[in-house]
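In the UniProt record's numbering, the protein residues as written are 1 to 282.
From the three backbone atoms N, C-alpha and C, an ideal C-beta is built for every residue, glycine too.
Working notes, beginning with the structure itself.
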Amino acid sequence: MAMHNPYIFTLRAMRPVTFGKQCFRHLHKQVPAAAIPSPTPFVPDVQTFLTLIGRGMNKHASKLPSWDKLFSISSSELKELGIEPASQRRYLLRKREKFRQGIYGPGGDLQHVINGVAQLRIVEIPKEPTDVAKSNKSEYHPDYSANSSPGMRKVIVNLPPDAKEFIHNPSQPPKIIAHMKVYHGNTIRGPFLQPIKGTKGSAALFELKEGMWEDRLGVKVDGGERRRAEFYCMYHRHLFTTGSLKKKKKKKKKKKKKKKKKKKKKKKKKKKKKKKRIIDSG
Numbered sequence: 001m002a003m004h005n006p007y008i009f010t011l012r013a014m015r016p017v018t019f020g021k022q023c024f025r026h027l028h029k030q031v032p033a034a035a036i037p038s039p040t041p042f043v044p045d046v047q048t049f050l051t052l053i054g055r056g057m058n059k060h061a062s063k064l065p066s067w068d069k070l071f072s073i074s075s076s077e078l079k080e081l082g083i084e085p086a087s088q089r090r091y092l093l094r095k096r097e098k099f100r101q102g103i104y105g106p107g108g109d110l111q112h113v114i115n116g117v118a119q120l121r122i123v124e125i126p127k128e129p130t131d132v133a134k135s136n137k138s139e140y141h142p143d144y145s146a147n148s149s150p151g152m153r154k155v156i157v158n159l160p161p162d163a164k165e166f167i168h169n170p171s172q173p174p175k176i177i178a179h180m181k182v183y184h185g186n187t188i189r190g191p192f193l194q195p196i197k198g199t200k201g202s203a204a205l206f207e208l209k210e211g212m213w214e215d216r217l218g219v220k221v222d223g224g225e226r227r228r229a230e231f232y233c234m235y236h237r238h239l240f241t242t243g244s245l246k247k248k249k250k251k252k253k254k255k256k257k258k259k260k261k262k263k264k265k266k267k268k269k270k271k272k273k274k275k276k277r278i279i280d281s282g
């Protein structure tokens, strides 16, 4: 009875499978196109988006006439439009994908923006029932604090630049603003903030500027220059650390010299005494 080799079946199963070009085209057509996100109050058009991401991308705004064009154009089409080098195209596509996924930089989630300027202010609003229940249960965290009134909590709200008061609507609680925090209960902390005079840091303006969402590039330094700089730092560090050592060495040398002089004097005295003894005995 003939024995079958089991490895033959595995090798047959591992044979490469070939697909035709038409099959690949058919699969490519079935892939749904990525959704085009809607503009936000802080990023209403292409010019603003390119200004925010920095790296001089706003000079290409005329090549991307519409919002839909910006979020549907491919890398090869960007190359045809003259957006060079390839790193710039990759950067634009990466920032575009982040915006599509709702990953914004500072200010991207602001709702009340006029001509690229928004106001942020710290206000007191009533605590939610869940927060009140937690504070009542805790013995160490009662329903009040040094910086806020009893039953109230402080939050950062977004207002139009000219607004001076905030009217709380319980049905629409204020949303948490990304990248901004309440510091010590009275001041706003966050990037690109311009404090409003007379508010002691409790209110600030947030103004659109170029490169606010830019991914900063590192500075490339030539190897020789870098080595020279490292040697320069090491040399000066050596001087700084060995300065005190040099002083100590000088002191030691002085002490040694003094000791040698004392020894010489003692030897001379001993010789003189010996001579006197010899003379006296003779």
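First and last residue of the uninterrupted alpha helix (DSSP H) at residue i
i	result
Thr48	Val46 to Ile53
Span separating the alpha-carbon of residue i from that of residue j
i	j	result
Ser87	Gly211	17 Å
Arg90	Glu84	10 Å
Arg189	Ile53	22 Å
Glu214	Phe166	32 Å
Arg216	Leu92	14 Å
Phe71	Val46	10 Å
Ile125	His60	45 Å
Lys272	Lys261	17 Å
Thr199	Leu110	21 Å
Leu57	Glu77	Note that residue 57 is Met in the sequence shown, not Leu. In a straight line, the C-alpha of Met57 is about 16 Å away from that of Glu77.
Leu81	Lys98	22 Å
Lys251	Lys269	27 Å
Lys263	Ile278	23 Å
Arg121	Gln194	12 Å
His168	Lys127	12 Å
Pro41	Tyr183	26 Å
Asp143	Met152	Confidence in Asp143 is poor, its pLDDT being 45 and thus under 50, which makes the residue's placement unreliable; the coordinate value appears in the next sentence. Near 8 Å, if we compare the C-alpha coordinates of Met152 and Asp143.
Lys274	Lys265	14 Å
Thr187	Arg96	33 Å
Ile196	Ala178	20 Å
Ser281	Lys267	21 Å
Ser138	Gly185	Confidence is the limiting factor: at Ser138 the pLDDT is only 47, short of 50, which leaves the residue's position unreliable, though a coordinate-based value still follows. Cα to Cα, the separation comes out at about 21 Å.
Lys164	Ser202	12 Å
Val157	Ser149	18 Å
Asp68	Ser171	34 Å
Ser62	Ala204	33 Å
Lys253	Gly218	50 Å
Arg55	Phe192	18 Å
Trp180	Val123	Here residue 180 is Met; the residue named in the question, Trp, does not match the sequence. Going by the C-alpha atoms only, they are around 14 Å apart.
Ala33	Ser75	15 Å
Lys249	Lys276	41 Å
Distance between beta carbons of residue j and residue i, contact taken as under 8 Å
i	j	result
Val43	Gly108	7 Å
Gly105	Leu208	That belief does not hold up - the Cβ atoms of Gly105 and Leu208 are roughly 11 Å apart, past 8 Å.
Arg100	Pro37	5 Å
Ala118	Phe49	Wrong, their Cβ atoms sit about 17 Å apart, outside the cutoff.
His112	Leu159	6 Å
Val155	Pro174	6 Å
Ile114	Pro161	6 Å
Delimiting residues of the beta strand (DSSP E) encompassing residue i
i	result
Ala118	Val117 to Pro126
Ile156	Met152 to Leu159
Gln194	Leu193 to Pro195
According to DSSP, residues forming a beta bridge with residue i
i	result
Leu205	Gln119 and Gln194
residue 287	The shown model of the chain, from 1 to 282, leaves out residue 287, and the question about it has no answer.
Ile114	Val117
Neighbour flag for residue i against chain D, beta carbons, 8 Å
i	result
Pro129	Absent from the structure is chain D; it holds one protein chain and no more.
Residue i beta carbon near the ligand GDP (any heavy atom closer than 7 Å)
i	result
Leu92	The ligand GDP is not part of this structure, which contains no ligands at all.
Pick out the complete alpha helix (DSSP H) segments inside the segment 56–88, 4 residues or longer, and give them in chain order.
-> 67–70 and 75–80
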